[in-house]
Each structure stands twice: as structure tokens, then as C-alpha cells.
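Under mature numbering (1 follows the signal peptide of the UniProt record, and there is no 0), residues -30 to -1, 1 to 249 are what the sequence shown spells out, in order. Every residue, glycine too, gets a C-beta built ideally from N, C-alpha and C. In what follows, a single structure is set out as C-alpha cells and then discussed.
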Amino acid sequence: MEMMFARTARNMLRIVMMIVILNICRETMADVDENEMFIDYRFQNLTSFATTDLPQDAASDIVYLSLRGNDLKRIHNDLSQLPNLERLILSENPQLTFPIDGSPFLKSRSLIDLDCESCDVKVIYSGSLRRLPLLETLRLPNNGIRMIGKRAFQHNPNMQVLDLRQNKLTTMPSTILVGLHKMKLLDLSDNRDLAPQKDQPFLESNSLKVLKCNNCGFSTTEVITFSKLYNLKEFHLAGNRHLVAPCLLPFQAPLRKNPMKIITDCKRCMKRKFLPENN
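Structure (C-alpha cells):
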């Protein structure tokens, strides 16, 4: 009986908290999804944001927070008051960037998905993401990123999807994915001057399945270029129009077990010359 009463009391408290946050967010013009605790502050002309701006009695229930399309210049980085926050949308805040001193951009023990498309990130420092241990998906397209620290993702062992399209990268640290054993997709497309360095592997990973380098600066490759991508299944190279490929694939032993699919502008030629006959 006591357990049933306690459970009923908790449910009633949760309902009251949701009513409170609904009323407050109506006053502030934020949209709320009652079922998933989706808090939407899109296009509100905000210049700053802190978790204290949210109703504290309901903050623990927020799972999804969108601040897209504002004019944020800064965001308070401690998200500990949002213990269940899983997805944060910061896209289209054109002045928002990672701290230039290399300190953590955000601190959260629950965040899984971070979207910072079309912001002002120029460098991903080794410490920028170190306080996001559960991060699985990171989207940073169209930011003008020029450099990524060699250990930028060393504190994000759950990383699976990394979107770095439409930036200004010219090279990548080859070991940047080492230790990311769940990595599935890396998209580097539309980094127009990005190309592998001579006599060095482009990237090293034992888990990456899909690599997209469409519309990059690839002109030639060597035997060593992709030899360290042991689990690669798809490699997208469309738009690298001057590509000459003496060897695009890893060494032959793993290829016989896990043939890799190459998607390029000259797919038929690549298939005839470089892929196993049974693929």
C-alpha cells in the first residue's frame, strides 16, 4: 500500500511539474512536446542562454532542447541541471564557437546528440568535447573548421556519427578515430582542399564503416592511403574529378571477407579495375 501511494505521489508530482513548464513556456513563446519533454526556443532572437533560464522544477525531465536560429554569442557550458538531456540543437547561431582557450564547450553526462550546423566553430581543440562522455552523434557542417586537434575525440568513446561537411579542412590527423570502436560514419564532403598526405595513411580505424569524401581535393592515392581502414564498407568519392587511383583499397586479405563498395563518378571503371570479381 505504501509503495502504491509513493508511486501515485511521484506520478502526480510529475504531472504538476509538466503543467508548470507548459505554462511558463507558453509565456516565453517556447514550444513544448508534452510526451518527450521537447523544449523549443527556435528563432527567439536569444543572445545568451543558461540552464537557469528554464523552470528548475521541471529541468530534470527535459530530453530534447532546441536553440536553433538565434543569435547566441555564448552558452553556459554546465548542463548538469539537465540530467536527462539527450539532444541539443544549436544550429544557425552564426556567432557561437568553441572556447579559444581549449576549455570544454559543454559539460553533460547525458548528452548523446549535438548539432552545431552553421555556427562559427573554427577549431576543434583537444579539450572542446572532453566533458561529453556519452556523445554519439556530432554534427558540425558549414562552420569554417580549419583544424582538429589530434586528441579531439579521445573522451568520446561512444562516437558513432561525425558530420564535418562544408568546412575548410585541408588535412586530418590520421589517428583521430583511434579508440572510437563504435564509429560508423564520417562525412568529410565539400571540404574542397582536403586530400591525403603523401606516404601516410589518410585515417586509421578498426570500426569505421562509411567514409564520405565527395567534392574534396583528392587527386591521387597510394597503397598506404586507406590501408588502415580495416572495416570500411562504403567509400564515397564523387566530385573528385581529377582522381587518379593506383590503389584505393586496403590490402587484399580483409577484402576477400568484407568487400568494400566504392561510390564515385566513375563507378563502372573503378569496379572493373579495382574491385573483386564477385562484388
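Round the Cβ separation of Asp77 and Arg101 to the nearest angstrom and send it over; I've been treating them as touching at under 8 Å.
The sequence given here places Lys at residue 77; Asp does not occur at that position. Right, their Cβ atoms sit about 4 Å apart.
Ser36 by DSSP, collapsed to three states: which one?
Here Ser36 sits in strand by DSSP.
For Thr107 and Leu84, what's the separation of their Cα atoms in angstroms?
Rounded to whole angstroms, Thr107 to Leu84 spans 6 Å at the Cα level.
Using only the alpha-carbon positions, how far apart do Arg162 and Leu42 sit?
The straight-line gap from Cα to Cα measures roughly 28 Å.
State buried or exposed for Gln136, treating a residue as buried only when at least 16 other CB atoms are found within 10 Å of its CB.
Counting Cβ neighbours within 10 Å, Gln136 comes out buried, since at least 16 surround it.
Identify whether Ser30 lies in helix, strand or coil by the three-state DSSP scheme.
Helix.
Is it buried or exposed for Lys198, if we count other Cβ within 10 angstroms and need 16 for buried?
Answer is buried; the Cβ neighbour count reaches 16.
Is the Cβ-Cβ distance between Leu49 and Leu81 less than 9 Å?
Yes. Within cutoff.
Which of helix, strand or coil does DSSP assign to Asp169?
Correct three-state label for Asp169: coil.
What does DSSP give as the partner residue(s) for Ile194 in the beta ladder?
Partner(s): none; Ile194 has no beta bridge.
Do Leu99 and Phe75 have their CB atoms nearer than 9 Å?
Contact: yes.
What residue range is occupied by the uninterrupted beta strand (DSSP E) comprising Glu204?
Run containing Glu204: Glu204 to His206, per the beta strand (DSSP E) assignment.
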